[in-house]
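Enquirer: Right, I'll just put the structure down here and ask away after.
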Amino acid sequence: MTDVLDLTALEAHEAMVAGDLGAEEYTAAWREAAAGDELNAYLWRDQGGEEAAAIAVERDCVAPIAVKDIFTTEGVPTTAGSRILEGYRPPYTSTAVRKLLEAGAPVLGKTNMDEFAMGSSNENSAYGPVLNPWDRERVPGGSSGGSAAVVAGGLAPWAIGTDTGGSIRQPAAFCGIVGLKPTYGAISRYGMIAFASSLDQCGPLTRTVSDAALLLGVLQGKDPCDSTSVGIDGGIALPGREDLSGLRFGVPAELRGDDYDSGVRAVFEQTLRKIEDLGGEIAEVSLPSSEHGISAYYVIAPAEASSNLARYDGVRYGMRAGGDGDLIEMYETTRSEGFGPEVKRRIMLGTYALSSGYYEAYYGQAQKVRTRIAEDFSGAFGSVDFVVTPTAPSVAFKLGEKTDDPLAMYLNDFFTVPMSLAGIPAISIPAGLAEPEGGGPQLPVGFQIASPAFSEQKLLDAAYALEQGIGFGARPGGVAGA
Amino acid sequence: MPELEAVIGLEIHVQLATKTKMFCGCELSFGDEPNVHTCPVCLAHPGVLPVPNEQAIRYALQIGLALGCEIAPRSIFHRKNYFYPDNPKAYQISQYDIPICGAGRLGDIRIHRAHLEEDAAKTIHVGESGRIHGSDASLVDFNRGGTPLVEIVTEPDLRSAAEAAEWARLLRETVRQLGVSDVNMEEGSLRVDANVSVRPVGSEELGTKTELKNMNSFRFLQRGVEAELARQRELVEAGGTVEQETLHFDPASGSLTSLRSKEEAHDYRYFPEPDLVPLVPTEEMLREARESLPELPAARIERYEGIGVPADVALTLATDPRTAGYFENVVEVADGIEPRVIANWVTGELAAALRQAEVDGGAADSRVSPEAMAALVRMVGEKKISHGSAKTVLAALVLEGGDPEPIVEREGLAQMSDSGELEAIVEKAMADNPDAVAKVREGNNKAVGAIVGAVMRETKGRADGGEVNRLIQEKL
Chain A
21 MTDVLDLTAL
31 EAHEAMVAGD
41 LGAEEYTAAW
51 REAAAGDELN
61 AYLWRDQGGE
71 EAAAIAVERD
81 CVAPIAVKDI
91 FTTEGVPTTA
101 GSRILEGYRP
111 PYTSTAVRKL
121 LEAGAPVLGK
131 TNMDEFAMGS
141 SNENSAYGPV
151 LNPWDRERVP
161 GGSSGGSAAV
171 VAGGLAPWAI
181 GTDTGGSIRQ
191 PAAFCGIVGL
201 KPTYGAISRY
211 GMIAFASSLD
221 QCGPLTRTVS
231 DAALLLGVLQ
241 GKDPCDSTSV
251 GIDGGIALPG
261 REDLSGLRFG
271 VPAELRGDDY
281 DSGVRAVFEQ
291 TLRKIEDLGG
301 EIAEVSLPSS
311 EHGISAYYVI
321 APAEASSNLA
331 RYDGVRYGMR
341 AGGDGDLIEM
351 YETTRSEGFG
361 PEVKRRIMLG
371 TYALSSGYYE
381 AYYGQAQKVR
391 TRIAEDFSGA
401 FGSVDFVVTP
411 TAPSVAFKLG
421 EKTDDPLAMY
431 LNDFFTVPMS
441 LAGIPAISIP
451 AGLAEPEGGG
461 PQLPVGFQIA
471 SPAFSEQKLL
481 DAAYALEQGI
491 GFGARPGGVA
501 GA
Chain E
7 MPELEAVIGL
17 EIHVQLATKT
27 KMFCGCELSF
37 GDEPNVHTCP
47 VCLAHPGVLP
57 VPNEQAIRYA
67 LQIGLALGCE
77 IAPRSIFHRK
87 NYFYPDNPKA
97 YQISQYDIPI
107 CGAGRLGDIR
117 IHRAHLEEDA
127 AKTIHVGESG
137 RIHGSDASLV
147 DFNRGGTPLV
157 EIVTEPDLRS
167 AAEAAEWARL
177 LRETVRQLGV
187 SDVNMEEGSL
197 RVDANVSVRP
207 VGSEELGTKT
217 ELKNMNSFRF
227 LQRGVEAELA
237 RQRELVEAGG
247 TVEQETLHFD
257 PASGSLTSLR
267 SKEEAHDYRY
277 FPEPDLVPLV
287 PTEEMLREAR
297 ESLPELPAAR
307 IERYEGIGVP
317 ADVALTLATD
327 PRTAGYFENV
337 VEVADGIEPR
347 VIANWVTGEL
357 AAALRQAEVD
367 GGAADSRVSP
377 EAMAALVRMV
387 GEKKISHGSA
397 KTVLAALVLE
407 GGDPEPIVER
417 EGLAQMSDSG
427 ELEAIVEKAM
437 ADNPDAVAKV
447 REGNNKAVGA
457 IVGAVMRETK
467 GRADGGEVNR
477 LIQEKL
């Protein structure tokens, strides 16, 4: 038999159910692989213990999993990539991780991320950037960069992350794996450290669409601890669709501009032809408000973040600095030293946007745009089954390339933010390789498919058929199976 | 200078007596060890989410309906952002532009709104002052943090400190009778802030207001508002202007100190709480809330006044629903006796007899059955016993229960009517008090009291005063 690390999570699961693979052996192999992390992708790794040996194979999914360090895990350090939570061990476990544990998937490690999920390159982590396994001089994307890197880099069979404006899909694209952002409300947010509450959503980062489906099936569901959770009616089955006949894929005219990488464009156009080969139909749709997505997003998300991050005040847990008897000074010193520059930038943006006298002009206006964008998608889904775009305007860029230009960094989310604002599901699958602008070895390009709220099953079925049709088999050099 | 009138509005925070907190499963408590009723949610650990307490929503609906408020079919929670150690999330979940309860009225005072929110934790400032300024350290007890609150805001309809205190009492009684709060001002389960301003009589415009905090009794509320009104009047009459500020009333010294000025006012940066879905009361919740409403003080006062009960007695009954129920039971079996008379007996002599006997509980729990009470009042009305004798009978009924008639008989309290016996006693009393008789004859009617007194002593109060007087006049 092949190296167990080459198996997808689903294949490993099936092998264990069939008795061809021991859960203990499998988990140990992954633990060993994770120990060889050279990408700075893990912030904490499970050292193994008795509990890991007791995994029951008849559970739903038994492959150990890498968890973005934004999910609380009782007694296990949880930092959200921030200095302000250094050494913090939560007193409770998030619903997503609890569900994984109940399903038989132990936590392999906690993955590095942009501080409080704010970033598109993982360079905003207080614990140093994650390196892209395809090219260690490049970023893995963000904010779930660690989760994407461990899956692509052969350091975990699969992972979960969070997506607020593209934070699962964009790193999945940069690392050549599958990333799914489910419908807002599909998976409980309880225990998922909040960045922008009305947008944050947990989702899988996996090698294959089938693994993503398996994971979503375990994670989804209404949670009494999250009033905004609803779950997916009927659950999620493994995808099995062979072709795309009878399905219509809409390409938004507004998102088809020529201001993004030609390599990405070539892969995108080539994927559209593949869809047609598989029997699908390509149509043009209009999402007139979507080009304002970034503007609206960078008001709404910072506004919510400014409030969500106000609790890190040094009083009850986490870092405390300064003060010496003065409350206000303690607040200021703790937050000045505890937060990184991008987090501070967004807290200031958001505080401003919510201020008396500016609320309507910024937050109020952004919410109107958000409503329009959601209406645009509803309109489009009247004539097509899916909306498709490139996942990101470029392939993985170089470390440090955009750190001095926040706006250029924000534009990375151009294709992913509209779906987040509309609350609809979207998946990124690896569609091919392209040379970066400026030359260099070829890097993965993601293809994004979005569908109406709670239509994840249909989305996964179509993505699966396309995945099979594309047959993307490339893996970074030096990784098992490459 | 035109005369100035007081314009007062109240903001009342009512802690709801639910089992658990507003957004988590921690038990409510008072006086327990600090920080034993806490969890990741009410300590605002990273990643937690609020889940609304359904019982609190039901209680808020009851309060809203009791105050005649319009209930919003869909209200939303907002975040009120500010930093303070008693506010662990650094925002309070409250309601802003769409509260659960809209406009209403209690008595003559219009209600502006009532909304749901969560209470802050308690900060304890260690040091001599007991306040944050000059304290050595501050400790936080999160037991109270997250307790469900309903904040009731009135329109500025109150015109004096006394009226404000009186209305606040009616509100407390109303909420108390709903059974949704302990409404204990000292323990802080009922907290009243007052917005106070003055304006020339006849003006429709509102003057600049100040907000008074920390008045933890109705007496202090009245004194605090009085002090602030006096301050504002003096200021305005001297040609000055009132500055908008928040004031702290110190009941010990009667002084007002500024907590913060308008410039220091917070910008709370309200925005809709994204962690909660809109609050939409179901038909079933509304129906249950409606059906659970008892008859409330304001309605009871109106009804009692309608059957001739004097206003002050009606108020006494309305603040004590069990005694009011007893009163109604007596009226029911009293067959035609005026409710006014019964109300006076129940709230007057019966209450006094219960106090005298140191009996726990009110009339409704006493040994005096409504039938016995009705029979006793009837006997007085029919002049079968005197008022004084009736008090004696009542004292016995309170202790032993049963019917009044056997007690009257046993104690020999049957009233003497115009029988020869009474006449003889009157004659003897006049003979024994010739001075008094002479004075009365000279036109000094007060002197008749001495003769009546002698008759009453002789008859042990069984004689009817009116009849005695008549007989004396006859014999003069």
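Residue numbers (our numbering), protein chains in the order written: chain A, 21 to 502; chain E, 7 to 482. The C-beta atom is built at its ideal place from N, Cα and C for all residues, glycine as well.
Does any C-beta atom of chain E lie closer than 9 Å to the C-beta of A/Tyr108?
Expert: As a first step, residue 108 of chain A is located in the first sequence; it is residue number 88 there, counting from the start. Judged by the 9 Å Cβ criterion, A/Tyr108 is in contact with chain E.
Enquirer: E/Gly53 CB to nearest chain A CB: under 9 Å?
Expert: Position 47 of the second sequence holds residue 53 of chain E. So, interface residue.
Enquirer: Can you pull the chain E neighbours of A/Cys245, defined as C-beta to C-beta under 7 Å?
Expert: On the first sequence, residue 245 of chain A is found 225 positions in, with the first residue counted as 1. Ordered by position in chain E, the residues that pass the 7 Å Cβ test against A/Cys245 are Leu55, Val57.
Enquirer: Can you tell me whether A/Ile75 is buried or exposed? The criterion is at least 16 other CB atoms within 10 Å of its CB, across all chains shown.
Expert: For the purposes of this step, residue 75 of chain A is taken as the residue at position 55 of the first sequence. Its pLDDT being 45, under 50, A/Ile75 is placed unreliably by the model, and the measurement read from it follows with that caveat. So A/Ile75 counts as buried.
Enquirer: Should E/Lys95 be flagged as near chain A, meaning a C-beta pair shorter than 9 Å?
Expert: For the purposes of this step, residue 95 of chain E is taken as the residue at position 89 of the second sequence. Closer than 9 Å to some Cβ of chain A, the Cβ of E/Lys95 qualifies, so yes.
Enquirer: Taking 8 Å as the cut-off, does the segment 232 to 246 of chain A touch the segment 197 to 216 of chain A (at least 3 CB pairs, one atom from each stretch)?
Expert: The segment 197 to 216 of chain A is in contact with the segment 232 to 246 of chain A.
Enquirer: Give the straight-line distance between the Cα atoms of A/Gly497 and E/Gly151, rounded to the nearest whole angstrom.
Expert: Sequence index remark: in the first sequence, residue 497 of chain A carries index 477 (1-based). Sequence index remark: in the second sequence, residue 151 of chain E carries index 145 (1-based). Using only the alpha carbons, I get a separation of about 55 Å.
Enquirer: Under 8 Å, with one C-beta from each stretch per pair, do the segment 246 to 253 of chain E and the segment 203 to 219 of chain E reach the 3-pair mark?
Expert: The segment 246 to 253 of chain E vs the segment 203 to 219 of chain E: in contact.
Enquirer: Hey, quick one: how far does the alpha helix (DSSP H) through E/His393 stretch, first residue to last?
Expert: Counting from 1 along the second sequence, the entry for residue 393 of chain E is found at position 387. Segment 393 to 406, the alpha helix (DSSP H) holding E/His393.
Enquirer: With DSSP collapsed to three states, give me the class of E/Asp365.
Expert: To locate residue 365 of chain E, count along the second sequence from 1; it is residue 359. Reading the sequence as shown, one finds Val at residue 365 of chain E and not Asp. Looking at E/Val365 - three-state DSSP - the assignment turns out to be coil, as it is neither helix nor strand.
Enquirer: Compare the beta carbon distance of A/Val287 and A/Pro111 with 9 Å and say whether it is the shorter of the two.
Expert: Within the first sequence, numbered from 1, the residue matching residue 287 of chain A stands at position 267. Within the first sequence, numbered from 1, the residue matching residue 111 of chain A stands at position 91. Cβ atoms of A/Val287 and A/Pro111: not closer than 9 Å.
Enquirer: Taking only the alpha-carbon atoms, compute the straight-line gap between A/Met21 and A/Leu41 and give it to the nearest angstrom.
Expert: Against the first sequence, residue 21 of chain A aligns to sequence position 1. Against the first sequence, residue 41 of chain A aligns to sequence position 21. Any reading at A/Met21 must be qualified, since the residue scores a pLDDT of 41, below 50, and its modelled position is unreliable; the value itself is stated next. Going by the C-alpha atoms only, they are around 10 Å apart.
Enquirer: Using CA atoms only, rank isn't needed, just tell me which of A/Ile85, A/Gln290, A/Trp64, A/Ala61 is closest to A/Gly32.
Expert: Mapped onto the first sequence, residue 32 of chain A falls at position 12. For clarity, residue 32 of chain A is Ala in the given sequence; the question names Gly instead. Out of A/Ile85, A/Gln290, A/Trp64, A/Ala61, A/Ile85 has the C-alpha closest to the C-alpha of A/Ala32.
Enquirer: List, in chain order, every chain E residue whose beta-carbon is nearer than 7 Å to that of A/Thr291.
Expert: Counted from its first residue, the first sequence places residue 291 of chain A at position 271. Residues of chain E passing the Cβ test: none, with the nearest at roughly 35 Å.
Enquirer: What does E/Arg85 touch in chain A if you count any residue whose Cβ is under 7 Å from its own?
Expert: Taking the second sequence and counting its residues from 1, the one referred to as residue 85 of chain E is at position 79. Chain A residues near E/Arg85: Ser327.
Enquirer: For A/Pro259, count neighbouring C-beta atoms within 10 Å of its own C-beta (all shown protein chains included) and say buried if the count is 16 or more, exposed if not.
Expert: If you number the first sequence from 1, residue 259 of chain A lands on position 239. The residue in question, A/Pro259, is buried, as its Cβ has 16 or more Cβ neighbours within 10 Å.
Enquirer: Taking buried to mean at least 16 other C-beta atoms within 10 Å of its own C-beta, is A/Ile348 buried or exposed?
Expert: By 1-based counting over the first sequence, the position of residue 348 of chain A is 328. So A/Ile348 ends up on the exposed side.
Enquirer: Can you pull the chain A neighbours of E/Val283, defined as C-beta to C-beta under 9 Å?
Expert: Taking the second sequence and counting its residues from 1, the one referred to as residue 283 of chain E is at position 277. Chain A residues near E/Val283: Ser247, Thr248.
Enquirer: Could you list which residues in chain A have their beta carbon closer than 9 Å to that of E/Pro91, in chain order?
Expert: Position 85 of the second sequence holds residue 91 of chain E. Under the 9 Å cutoff, chain A gives Asp333, Val335, Arg336, Leu347.
Enquirer: Nearest chain A C-beta to E/Val146 closer than 9 Å, yes or no?
Expert: The sequence position of residue 146 of chain E within the second sequence is 140, counting from 1. It does; some Cβ of chain A falls within 9 Å.
Enquirer: So, using beta-carbon positions, are A/Gly162 and A/Ser140 closer together than 9 Å?
Expert: The residue given as residue 162 of chain A occupies position 142 in the first sequence. The residue given as residue 140 of chain A occupies position 120 in the first sequence. Yes.
Enquirer: Looking only at its own chain, which residues have a Cβ that is under 7 Å from the Cβ of A/Leu236, when we skip the five neighbours before and after it?
Expert: Residue mapping note: residue 236 of chain A aligns to position 216 of the first sequence, counting from 1. So the list reads Leu200, Pro202, Pro224, Ile256, Glu476, once near-sequence residues are dropped.
Enquirer: Let me see if you follow: with CB-CB separation under 9 Å, is A/Leu374 close to chain E or not?
Expert: By one-based count along the first sequence, residue 374 of chain A stands at place 354. So yes, A/Leu374 belongs to the interface.
Enquirer: Does the beta-carbon distance from A/Leu264 to A/Val319 come in below 9 Å?
Expert: In the first sequence, the residue the question calls residue 264 of chain A occupies position 244. In the first sequence, the residue the question calls residue 319 of chain A occupies position 299. In this structure, A/Val319 does not lie closer than 9 Å to A/Leu264 by Cβ.
Enquirer: What is the rounded straight-line gap between the Cα of E/Ala171 and the Cα of E/Phe226?
Expert: Stepping through the second sequence from its first residue, residue 171 of chain E is reached at position 165. Stepping through the second sequence from its first residue, residue 226 of chain E is reached at position 220. Cα to Cα, E/Ala171 sits roughly 9 Å from E/Phe226.
Enquirer: Which full runs of the beta strand (DSSP E) of 3+ residues lie inside the segment 76 to 117 of chain E, going along the chain?
Expert: Runs of the beta strand (DSSP E) inside the segment 76 to 117 of chain E: 83 to 87, 97 to 101, 110 to 112.
Enquirer: Measure the CB-CB distance between E/Pro105 and E/Gly15 and report whether it falls below 9 Å.
Expert: Start at 1 with the first residue of the second sequence, and residue 105 of chain E comes out as number 99. Start at 1 with the first residue of the second sequence, and residue 15 of chain E comes out as number 9. No, they are not a contact pair.
Enquirer: Along the alpha helix (DSSP H) that carries E/Arg275, what are the first and last residues, could you check?
Expert: Counting from one through the second sequence, the residue named residue 275 of chain E turns up at place 269. Where E/Arg275 is concerned, there is no enclosing alpha helix (DSSP H), given that its DSSP letter is neither H nor E.
Enquirer: Evaluate the contact criterion for the segment 12 to 32 of chain E versus the segment 190 to 199 of chain E: three or more CB pairs, one atom per stretch, below 8 Å.
Expert: Verdict: yes, contact present.
Enquirer: Does the beta carbon of A/Gly211 come closer than 9 Å to any beta carbon on chain E?
Expert: Here residue 211 of chain A corresponds to residue number 191 of the first sequence, with the count starting at 1. Yes, its Cβ sits closer than 9 Å to a Cβ of chain E.
Enquirer: Just confirm the distance between the C-beta atoms of A/Ile469 and A/Ala482, as a whole number of angstroms; I'd bet it's less than 8 Å.
Expert: Residue numbering aside, residue 469 of chain A sits at position 449 when the first sequence is read from its first letter. Residue numbering aside, residue 482 of chain A sits at position 462 when the first sequence is read from its first letter. That belief holds up - the Cβ atoms of A/Ile469 and A/Ala482 are roughly 6 Å apart, short of 8 Å.
Enquirer: Give me the Cβ distance between A/Lys88 and A/Gly181, rounded to the nearest whole Å; I'm assuming they're in contact under 8 Å.
Expert: Position 68 of the first sequence, counting from 1, holds the residue named residue 88 of chain A. Position 161 of the first sequence, counting from 1, holds the residue named residue 181 of chain A. With 8 Å as the limit, A/Lys88 and A/Gly181 qualify as a contact, their Cβ atoms being about 5 Å apart.
Enquirer: Keeping to the same chain, check which residues put their C-beta closer than 8 Å to that of A/Thr354; ignore five residues upstream and five downstream.
Expert: Here residue 354 of chain A refers to the residue found at position 334 of the first sequence. Counting only Cβ-Cβ distances below 8 Å, and skipping sequence neighbours, we find Ile104, Tyr332, Asp333, Gly334, Met339, Arg340, Ala341, Gly342, Gly343.
Enquirer: Among the candidates E/Ile413, E/Ser392, E/Val386, E/Gly387, whose CA atom is the shortest distance from the CA of E/Val399?
Expert: Taking the first residue of the second sequence as position 1, residue 399 of chain E is located at position 393. Of the listed residues, the one whose Cα sits closest to E/Val399 is E/Ile413.
Enquirer: Along the chain, where does the alpha helix (DSSP H) containing E/His19 start, and where does it finish?
Expert: Taking the first residue of the second sequence as 1, we reach residue 19 of chain E at position 13. Counting along the chain, E/His19 falls outside any alpha helix (DSSP H), though it belongs to the beta strand (DSSP E) covering 10 to 21.
Enquirer: Buried or exposed: E/Thr153, going by 16 or more other Cβ atoms within 10 Å of its Cβ?
Expert: Position 147 of the second sequence holds residue 153 of chain E. Flag for E/Thr153 reads buried.
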